[in-house]
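Have a look at the structure below before the remarks.
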Amino acid sequence: MEDVINQWVNEELLYQAALQENLDQDQTLARMVEDYRRKLLGKTFLESKIHHIQPVTAQEIKDYYTANRSMFVRNTDEARIYHFILPTIQEAKNVFRLLSAPSSGEERRELFTKYHVDAVTVRKGFLLPELDDVIFHSRSRAKILGPIQSFSGYHVVEILDRYPKGSPKTLNQVYDEIYQRLITERQNLSALKLIDSLRINSHIEVLMENEPHE
Numbered sequence: 007m008e009d010v011i012n013q014w015v016n017e018e019l020l021y022q023a024a025l026q027e028n029l030d031q032d033q034t035l036a037r038m039v040e041d042y043r044r045k046l047l048g049k050t051f052l053e054s055k056i057h058h059i060q061p062v063t064a065q066e067i068k069d070y071y072t073a074n075r076s077m078f079v080r081n082t083d084e085a086r087i088y089h090f091i092l093p094t095i096q097e098a099k100n101v102f103r104l105l106s107a108p109s110s111g112e113e114r115r116e117l118f119t120k121y122h123v124d125a126v127t128v129r130k131g132f133l134l135p136e137l138d139d140v141i142f143h144s145r146s147r148a149k150i151l152g153p154i155q156s157f158s159g160y161h162v163v164e165i166l167d168r169y170p171k172g173s174p175k176t177l178n179q180v181y182d183e184i185y186q187r188l189i190t191e192r193q194n195l196s197a198l199k200l201i202d203s204l205r206i207n208s209h210i211e212v213l214m215e216n217e218p219h220e
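No gaps in the numbering here: position 73 of the sequence shown is 79 in our numbering, and each next residue is one more.
As structure tokens, this is what we get:
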């Protein structure tokens, strides 16, 4: 809250200083403000119109996946993991011990809640080198790895699944990606139709440079 207040105060101080130097009378700045205002109004109008487009259904997502399976093949090795980052080696060793030892579901839930850890899918070549080495290059097939030291702390990793390069992604794994792709396509099509209808009904003439005037 304090940061928000400080930011507001700083902005107000700069605004008052600009007024004292009559920058609000600057014609170049006025044109920039008007240009931004026009773009903002147009953007707001467009978003209000395409906001009500028909939603994408689960069946449409499934059909898209079935028709485009070749698009959803991994181009590099991947792994689904739990990734803990700890500040000290002692804490990292403790997490490693808790993950390795037989424990109840409640104990594991408490551990993940404490460190705010969720399962994530990572790709080979996109991690810290220290993590990339143990997850993708190590001969060990151990499920729990660590502690691994890096500049950001000590890491403990639990590997849930490994996905080799060339393996297909399941519908569940790409469901959100397909949804976003379809909804974006639908929004773009709706925007084009709206702009075309506005163009047909408008009286705006675009004169190219050197084009003769009637």
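We treat Cβ as the ideally placed atom computed from N, Cα and C, and that holds for glycine.
Backbone secondary structure at residue i - three-state DSSP
i: Ser-156; result: strand
i: Pro-170; result: coil
i: Ile-150; result: strand
i: Leu-92; result: strand
i: Thr-127; result: strand
i: Arg-75; result: helix
i: Glu-84; result: strand
i: Val-62; result: coil
i: Glu-27; result: coil
i: Ile-282; result: Residue 282 is absent from the structure shown; the chain starts at 7 and stops at 220.
i: His-161; result: strand
i: Phe-132; result: coil
i: Arg-192; result: helix
i: Thr-176; result: coil
i: Asp-9; result: helix
Alpha-carbon to alpha-carbon, residue j and residue i
i: Pro-61; j: Thr-72; result: 19 angstroms
i: Leu-46; j: Gly-131; result: 40 angstroms
i: Glu-27; j: Val-15; result: 19 angstroms
i: Ile-141; j: Val-10; result: 41 angstroms
i: Met-302; j: Ser-208; result: There is simply no residue 302 to check, as the chain begins at 7 and stops at 220 in what is shown.
i: Glu-136; j: Thr-82; result: 18 angstroms
i: Phe-118; j: Gly-111; result: 11 angstroms
i: Leu-29; j: Ala-64; result: 54 angstroms
i: Val-123; j: Phe-78; result: 27 angstroms
i: Leu-195; j: Ala-85; result: 36 angstroms
i: Ser-158; j: Leu-204; result: 54 angstroms
i: Thr-176; j: Pro-108; result: 30 angstroms
i: Ala-23; j: Glu-8; result: 23 angstroms
i: Glu-18; j: Gln-33; result: 22 angstroms
i: Ile-154; j: Ser-146; result: 15 angstroms
i: Asp-138; j: Asn-100; result: 22 angstroms
i: Ser-156; j: Arg-75; result: 38 angstroms
Rounded Cβ spacing between residue i and residue j (contact assumed at less than 8 angstroms)
i: Ile-165; j: Phe-102; result: About 13 angstroms separates the two Cβ atoms, so there is no contact after all.
i: Thr-94; j: Tyr-160; result: 7 angstroms
i: Arg-80; j: Ser-144; result: Incorrect: roughly 19 angstroms between the Cβ atoms, too far for contact.
Buried or exposed by the 16-neighbour rule on C-beta atoms within 10 Å, applied to residue i
i: Ala-125; result: exposed
i: Leu-133; result: buried
i: Ala-36; result: exposed
i: Ile-184; result: buried
i: Val-162; result: buried
i: Phe-90; result: buried
i: Leu-25; result: exposed
i: Ile-210; result: exposed
i: Tyr-42; result: exposed
i: Leu-92; result: buried
i: Leu-105; result: buried
i: Ile-87; result: buried
i: Tyr-169; result: buried
Cβ-Cβ distance between residue i and residue j below 8 angstroms
i: Gly-48; j: Ala-98; result: no
i: Ile-67; j: Gln-193; result: no
i: Tyr-70; j: Leu-188; result: yes
i: Leu-52; j: Leu-200; result: yes
Any non-hydrogen atom of the ligand FMN within 7 angstroms of residue i CB
i: Val-123; result: The ligand FMN is absent from the structure shown, which contains no ligands of any kind.
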